[in-house]
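Inspection log for the structure reproduced underneath, given as C-alpha cells.
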Amino acid sequence: MKTLDGRTYEAMIVNGFKDLKTHYETVNELNVFPVPDGDTGTNICATLEGGVKAMKRANKAVLGDVVAKCSEGMLLGARGNSGVITSQFFAGIAYALQGLTKATVRQFASALKNGTAVAYKAVPTPVEGTILTVAREGTDYVIDHINEIKDFETLFKTLLEQMKISLDRTPDLLPVLKEAGVIDSGGAGLLYTIEGMCKEIMGEEVTDTIFNGPSSNIDLNEPEAFNEDSKLDYGYCTEFILQLLRSKGDPAKVNLQDFIDEFSKIGDSIVAIKQNSIIKIHVHTKEPWKVIQYAQQYGEFVTFKMENMTIQHNEKLLKEMPIEGKGVKVSSDIKPEPLKHSKIQVIAVAPSPEIGKLFKDLGVAGIITGGQTMNPSAQDFVDKLDYVNADDVIIFPNNSNVIMTAEQAAGMYTKSKVHVMHSKSVVEAYSAMKMADIAGASVEENIQIMEEQMKSVVSMQISKSIRDSKNNGMTIRKNDFIGIMGGKIVSHDRTIMKAVQKMVKNVPNMDEKSIITVFYGKNATEKMKVDLKKLLERLCPMMDIYEIDGGQPVYHFTIAFE
Amino acid sequence: MAELAIFIDSTGDLDTELRKKYDIGYCTMGLSFKGKEIPASLDWDHGYNPHQLYDVMREGEKIFTSQVTRQEFIAKFEPELKAGKDVLYISCSSGLSKSVDLARIVSKELLEQYPERKIAVVDSLITGYAQGDMAIRARRMFEDGKNLDEIVEWLEANKLRFHQWAAVENLNYLKRAGRVKASSAFFGNLFGVKPILISDIHGNNLAVKKVKGRKPSLLEIVNSTIASAEDIENQTIYIAHSDDLEGAEFCKEELLKRAKPKHVHIGILGPIIGGSTGPGTIAIYCFGKEVTEGE
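In order, the protein sequence lines correspond to chains A and B. In this text, residue positions in the first sequence follow the working numbering: the first is 1, and each later residue adds one. In this text, residue positions in the second sequence follow the working numbering: the first is 1, and each later residue adds one.
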C-alpha cells in the first residue's frame with residue numbers, strides 16, 4: 001500500500017480499538033501500586049472509543065477530515081494521563097495531515113513525528129520510560145529509516161517492532177517500574193493500538209471483545225463458592241425492565257432521578273434509562289427486595305434478573321456486564337438544565353456519592369463521580385462546565401491521573417475561565433473548600449486560600465496489596481496493608497492498624513496540625529473504624545478527630561491532617 | 001446633682017462581683033427550655049450553673065431567649081426614680097434584641113409620672129462584657145463628676161470603639177437563634193473550622209473569618225484584640241467563655257505574652273449570650289479604634 005486514504009485510516013483506528021479492547025485488562029494490571037486501581041487500559045480504550053464514534057461523522061473520501069474527526073473525538077473522550085497523551089498523539093497526526101485526501105508514506109511518517117511532538121508538549125514535565133518514550137523511539141526510528149520504507153506495510157511493521165523494543169526497555173528508564181517488575185502501562189496501551197492498526201493493513205483478523213467501560217474494582221482474585229458459611233459480600237446484581245402503568249400514576253411524571261436517588265441509598269453501580277413508559281434499571285444491592293418494592297409502586301416488571309455477585313460464576317458475569325463501574329452512571333439523552341449564571345462555581349471529582357454530597361454541602365456546584373478506576377473524560381468536564389455556567393470555574397481533580405484530562409477540557413472550553421487546581425486526592429478539595437468563600441470572595445482570593453490549604457493538608461491512604469510487589473525500597477506481600485502518602489508507599493504491615501501507625505510517624509510538621517478527618521472507605525469494617533479512632537486518639541491526643549463515611553472504593557481509610 | 005442608677009441587662013454579662021463593685025443593676029431577660037421558663041440571671045441563681053446550662057444545649061435541647069419585659073423595666077426603674085435617682089440603661093445591641101425599643105417606650109411613660117427625673121437609654125450596639133464595660137466606664141465618669149448628659153454623649157460618641165472578637169465552635173446555635181450574619185461559606189459541616197465573629201457597626205454578630213483548628217482560632221482572636229485595642233496598657237481586657245475556662249486561660253496567657261494590658265478579667269458568658277452561641281465560645285472584648293463597616 002503506497003497511499004493511505006480516509007476509509008483505511010478509519011478501519012485501522014477501529015482495529016486498534018478492537019485490539020486494545022481485547023487486551024485492556026492486561027494493560028490495567030501493569031500497575032505500579034499493588035492496589036486494584038489500575039485503569040490505563042480502560043482509559044486509553046475509552047479515549048479511542050471517542051475517536052471511533054466521531055469518525056462516523058467524517059467525509060470518508062477525505063483523509064484529512066477522517067483524522068480531524070477522529071482527533072476531536074479522542075480529545076473529548078480522553079480519560080487519564082495516558083488517554084490524554086494518546087489523544088494528543090493522534091491530534092498531532094491529524095494536524096499534519098490537514099487538508100489531504102490521501103497521504104504518502106513520507107507524509108504519514110512525518111505526521112507520526114508531529115504526533116510525538118504534540119504529545120510531549122501536552123506534558124509539563126515529560127518523564128522517560130513512559131508512553132512518551134515509546135511513541136518517540138518508535139516514530140524517530142521510522143523517520144531515521146524512511147529511505148528504506150517504501151509502503152505502509154513496512155512502515156507499521158517497523159513502527160510496531162521498535163515500539164515493542166522501546167516498551168520492553170521502559171523499566172530501565174523508570175526505576176519505579178523496575179522495582180515493581182512491570183513495563184509501562186501507557187506504552188503498552190499505545191502498542192496494542194498500533195498493533196491493531198498494523199494488523200488492519202496486513203489483513204489480519206483482530207478478535208472483537210465487548211469493552212466494559214471503566215471496570216469494576218471488586219476484588220475477585222480468590223472467589224469462593226457460596227455455601228452455608230458464606231457472607232453476602234457483594235450483594236446482588238439486579239436488573240429489570242419496568243413497564244410504568246397508568247393505573248399507578250402518570251408515567252410521564254415518573255422521574256428517573258427519584259429511582260436513582262432511592263437506589264443510591266441501598267446500592268451502587270446504577271445504570272438507569274427511561275424511554276417513554278419503560279424504565280430499565282441495573283443496580284448492585286444487598287437488599288433487592290427494597291428495589292422491587294420501590295419499583296412496583298410505579299408499574300410492573302417486564303423482565304427481572306438477579307444474581308449473587310459473591311459467587312465465582314459471577315466474576316464472568318460482572319465482566320461481561322456492559323456497564324460503567326462504580327458509582328452512578330445515568331444514561332439519559334437529556335442534559336440537565338444549566339444553573340443560573342454566576343460569577344464563580346466549583347467542580348470537583350468525587351469517588352463516591354457520599355463524598356459528592358459532602359462536597360455539595362461545602363458549596364461545590366458540579367460533582368463528577370469518578371476517580372480511581374473510573375477516570376472522567378474531557379467530555380465529562382465540558383458537560384459539567386456547561387452545567388455550572390459561571391464566569392470563572394475552579395476544578396478539583398481527585399487523582400493525579402485526572403489533572404491532565406481536566407486541563408485538556410479547560411483548554412478546549414471557551415465559555416468560562418477555567419482554573420484547574422492540582423489536587424491529587426479528595427482531601428485537598430475538602431480542605432480547600434472548607435476555607436473558601438465562593439460567594440463572598442474574588443476568584444483570585446479563593447484560589448489563593450485554596451492553594452494555601454492544599455499545601456498545608458497532609459493526606460494518607462490505606463489500601464490492601466493485591467499482589468507481591470516492591471515499591472519505595474519496600475518488599476510488599478500480597479494482602480499486606482499499605483499506606484500511601486505523597487504518591488509513594490510509605491508503610492506496609494500485615495495488620496491495618498500497624499500500617500496506619502507506621503504511616504502517622506511520617507506526617508511532616510505534625511506539631512502544626514490540629515484537625516484529623518477520616519474518610520471511611522467502602523471496605524472499612526466497623527471494627528476497623530473503632531480501632532482506628534482509638535489509635536488516632538492515642539497517637540494524636542491533642543487533636544480534634546472528625547469521622548466521615550466516605551464510601552470511597554479502593555482505600556479503606558483516607559486520612560487528612562490539617 | 002441627682003444620684004445615678006446604672007443598668008445593663010442579661011446580655012451585659014458582668015458577674016456579681018463587678019456589678020457590686022460599680023453599683024450596676026441589670027434588667028432580666030428570660031430563658032426557656034424543656035418547657036420551663038426561668039429568669040436569665042447573671043448570678044446563675046436560677047437552678048442551673050453554667051456547666052449545667054451548657055450541658056442542656058449539648059444534649060441538643062433548644063434554648064429560647066426572651067427580651068426584657070415591660071414589668072421588669074418598671075420594677076427596676078421605678079424604685080430608683082422614686083428614690084430621687086436618675087436612670088441610665090445601657091441596652092443589649094438593637095441588632096440582636098428589641099429590649100431597647102421597649103425601654104424607650106416605658107421610660108417615656110415613667111417620665112410622665114416622674115417629670116423631675118431623667119432616664120437615658122443607650123443602645124450599646126454590642127453585648128457581653130463590652131456592654132458591661134460601658135456601664136463600668138459610665139460609673140467611673142459619674143464618680144469623676146460628669147453628669148448624665150455628658151456620660152450619654154461620650155457613650156454615643158464612643159460606643160463603636162468597643163470590640164468583640166469571638167471564636168465559636170460553629171454557627172449552628174446562632175443560626176437557629178437567628179442571631180448571626182454570615183455568608184453561606186460559614187455554614188454546613190466545616191469539620192474543625194471555627195468562625196470568628198465581631199459585632200459590626202449595626203450591632204450584628206458578623207462572621208468575618210474562618211480559622212482552621214481550635215487553637216489557631218483562639219490565637220486569631222488574641223491577635224485581633226491586640227491589633228484593634230488602643231492604649232492597651234491602661235485598660236482591662238475581658239475574656240468570657242461558655243464552659244471553657246481552659247480556653248479562656250489559654251487566651252489570657254497568649255495575650256500576656258504579646259501585650260501588657262493593665263488587667264485581664266476572665267468571666268463567664270451570661271445565659272443569654274451563651275445560650276445563643278452555644279458551649280465552647282470564647283469572646284474577648286477591648287476598647288480601641290472605631291469599628292468600621294465590614295471589619
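Each residue gets a CB set at the ideal place from its N, CA and C atoms; glycine is no exception.
| Asked | Found |
| --- | --- |
| In this structure, does DSSP put H23 (chain A) in helix, strand or coil? | helix |
| Taking only beta carbons into account, state which residues of the stretch 209 to 232 of chain B come closer than 8 angstroms to chain A, listed in chain order. | K210, K212, G213, R214, K215 and P216 |
| Taking Y546 (chain A) and G521 (chain A) to be in contact with their CB atoms under 8 angstroms, please state how far apart those CB atoms are, rounded to whole angstroms. | Rounded, the Cβ-Cβ distance is 16 angstroms, inconsistent with contact. |
| Starting from I198 (chain B), follow its DSSP beta bridges and name the residues at the other end. | B:L206 |
| Name the chain A residues that come within less than 8 angstroms of G188 (chain B), Cβ to Cβ? | D361, L362 and G363 |
| Could you tell me which residues DSSP puts in a beta bridge with M374 (chain A)? | A:G371 |
| Please identify, using Cβ separations under 9 angstroms, the residues of the stretch 231 to 255 of chain B that lie next to chain A, in order along the chain. | none |
| Out of curiosity, what's the CA-to-CA distance linking I292 (chain A) and G267 (chain A)? | 13 angstroms |
| Reducing DSSP to helix, strand and coil, say where K464 (chain A) ends up. | strand |
| Going by the beta-carbon positions, is the gap between A135 (chain A) and A119 (chain A) smaller than 8 angstroms? | yes |
| Name the two residues that bound the continuous beta strand (DSSP E) containing H364 (chain B). | This structure does not reach residue 364 (chain B), given that chain B is present from 1 up to 295, and the question cannot be answered. |
| Of all Cβ atoms in chain B, is any one closer than 8 angstroms to the Cβ of M460 (chain A)? | no |
| Could you give the DSSP three-state label for E161 (chain A): helix, strand or coil? | helix |
| Closest to Y294 (chain A) by C-alpha separation, out of A:F240, A:E307, A:N398 and A:K498, would be which residue? | A:F240 |
| Report the rounded CA-to-CA distance for K82 (chain B) versus S32 (chain B), giving the unit in angstroms. | 32 angstroms |
| Quick one, which of A:V302, A:D391 and A:M421 has its alpha-carbon nearest A348 (chain A)'s? | A:M421 |
| With 16 other CB atoms within 10 Å as the buried threshold, where does S377 (chain A) fall? | buried |
| Identify the residues that DSSP records as bridge partners of K212 (chain B): which are they? | B:V193 |
| Could you check the C-alpha separation between M74 (chain A) and M12 (chain A) for me, to the nearest Å? | 15 angstroms |
| For a minimum of 4 consecutive residues, which ranges assigned as the alpha helix (DSSP H) are wholly contained in the stretch 414 to 443 of chain A? | 426 to 435 |
| Residues in its own chain within less than 7 angstroms of P336 (chain A) by CB, not counting five upstream and five downstream? | Y387 |
| Chain A partners of S276 (chain B), CB-CB under 9 angstroms? | The premise fails here: S276 (chain B) is roughly 23 angstroms from chain A at the closest Cβ pair, so nothing lies under 9 angstroms. |
| Which value, in whole angstroms, describes the spacing of the CA atoms of Y9 (chain A) and I447 (chain A)? | 44 angstroms |
| Looking at the unbroken alpha helix (DSSP H) that takes in G500 (chain A), where does it start and where does it end? | The question names Gly, but residue 500 (chain A) is Val in the sequence shown. That run of the alpha helix (DSSP H) goes I496 to V504. |
| For the alpha helix (DSSP H) that D261 (chain A) lies in, which residues bound it at each end? | L256 to I266 |
| From the DSSP output, in three-state form, read off P39 (chain B) for me. | strand |
| Should H341 (chain A) go down as buried or exposed, given a rule of 16 or more other Cβ atoms within 10 Å for buried? | exposed |
| I'd like to confirm the pairing. Which residues does DSSP put opposite E17 (chain B) in its beta bridges? | In DSSP, E17 (chain B) forms no bridge with anything. |
| Where does H51 (chain B) fall in DSSP's three states? | helix |
| Could you list which residues in chain A have their beta carbon closer than 9 angstroms to that of V168 (chain B), in chain order? | None at all; the shortest Cβ gap to chain A is about 15 angstroms. |
| At the level of alpha carbons, what is the spacing between V35 (chain A) and L132 (chain A)? | 24 angstroms |
| Whose CA, out of A:G38, A:F557 and A:E428, lies closest to the CA of M528 (chain A)? | A:F557 |
| Between the Cα of I273 (chain B) and those of B:I6, B:V222 and B:L14, spot the shortest distance and give me the residue it belongs to. | B:L14 |
| Indicate whether S91 (chain B) and S99 (chain B) have their beta-carbon atoms separated by less than 8 angstroms. | yes |
| With a cut-off of 8 angstroms, does the C-beta of G280 (chain B) fall near any C-beta of chain A? | no |
| Rounded to whole angstroms, what is the Cα-Cα separation between K215 (chain B) and A441 (chain A)? | 25 angstroms |
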